[in-house]
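Quick note on numbering: the sequence shown equals residues 1 to 202 in the working numbering.
Virtual Cβ for every residue (Gly too), placed ideally from N, Cα, C.
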Amino acid sequence: MNQSYNSQLLDNAVAELGKLPGIGRKTALRLALHLLRQEEGESVALGEAIINMRKNIRYCSTCHNISESDTCEICSDRSRDSSIICVVENVKDLLTIESTREHKGLYHVLGGLISPLDGVSPSDLEIQSLVDRVAAGGVREVILALSPTMEGDTTNFYISRKLALYDVDISMLARGVSLGNDLEYTDELTLGRSIVNRVPYR
1 MNQSYNSQLL DNAVAELGKL PGIGRKTALR LALHLLRQEE GESVALGEAI
51 INMRKNIRYC STCHNISESD TCEICSDRSR DSSIICVVEN VKDLLTIEST
101 REHKGLYHVL GGLISPLDGV SPSDLEIQSL VDRVAAGGVR EVILALSPTM
151 EGDTTNFYIS RKLALYDVDI SMLARGVSLG NDLEYTDELT LGRSIVNRVP
201 YR
């Protein structure tokens, strides 16, 4: 049974904060009380920032990265090499790779990995839109930058089969990334070297 804090408004705030990943009820209460101690303007600014983010951020129609317009800043950047596409599981992985400053091409966010046990099939992911980008021409290399897990390897294999009909090089991260580790937990130096020293897929 959830504890009541003698204020329905506080109860509601704690309940909502507690829905965030990694935030338990005690932490949610601590955050809510912190917001109450802040100047009203600071709490309002936080609320408005979250509302504006939720209302105005969309997904890039090309690579499915987060964006404030139909095409994200990376896809719109003409200084980047549009002939190289780095395939990642999610936006967090894209940001992790981007922080290494080693990838000069574009990205493609799948939105997950193939996982039959979790009910995630290829049709649930942005794989066909990747194939369409390659089929349109102008792409010479696809880097498979997925976590070296069973799900990541399954997705790599599926994508490589889908792209086999096209004249495009398929590479993957060098195994500086430890087997079984999620990409987001790999340090920037190791990840950067894994991109630079990428190897042909199979």
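Per DSSP, residue 132 is one residue of the alpha helix (DSSP H) stretching across 128-135. Its Cα nearest to that of residue 126, the residue 60 stands out among 37, 60, 32. Within the model, the alpha-carbon separation for residue 161 versus residue 36 is close to 55 Å. Residue 84 and residue 21 have their C-alpha atoms spaced approximately 33 Å apart. Distances from the CA of residue 73 to each of 89, 30, 120, 105 were compared; the closest alpha carbon is that of 105.
For residue 59, the beta-bridge partners assigned by DSSP are 66. If you compare the alpha carbons of 166, 122, 96 with that of residue 145, the shortest gap goes to 96.
The beta-bridge partner set that DSSP reports for residue 75 is empty.
DSSP places residue 16 in the helix class (H, G or I) of the three-state scheme.
Around the C-beta of residue 68, fewer than 16 other C-beta atoms lie within 10 Å, and the residue is accordingly described as exposed. Spatial neighbours of residue 89 in its own chain (CB-CB distance under 6 Å, excluding positions within 5 residues in sequence) are listed in chain order as 110, 113, 146. Separation of the CB atoms of residue 199 and residue 171 is rounded to 6 Å, and the pair is thereby assigned contact status at 8 Å. In summary, residue 71 is exposed, with fewer than 16 beta-carbon neighbours lying within 10 Å of its beta-carbon over all protein chains present.
The beta-bridge partner set that DSSP reports for residue 200 consists of 171.
Membership of residue 153 in the alpha helix (DSSP H) is indicated by the continuous run 150-162. The beta carbons of residue 116 and residue 158 sit no closer together than 7 Å. Across the set 40, 140, 24, 30, the C-alpha of 140 shows the shortest separation from the C-alpha of residue 166. For residue 82 against residue 138, the beta-carbon gap comes to about 6 Å, under 8 Å, which counts as contact.
Residue 132 and residue 153 have their C-alpha atoms spaced approximately 22 Å apart.
Here residue 94 is not near residue 108, since their CB atoms are 7 Å or more apart.
In the three-state scheme derived from DSSP, where H, G and I count as helix and E and B as strand, residue 44 is classed as helix. Per DSSP, reduced to three states, the secondary structure at residue 98 is helical.
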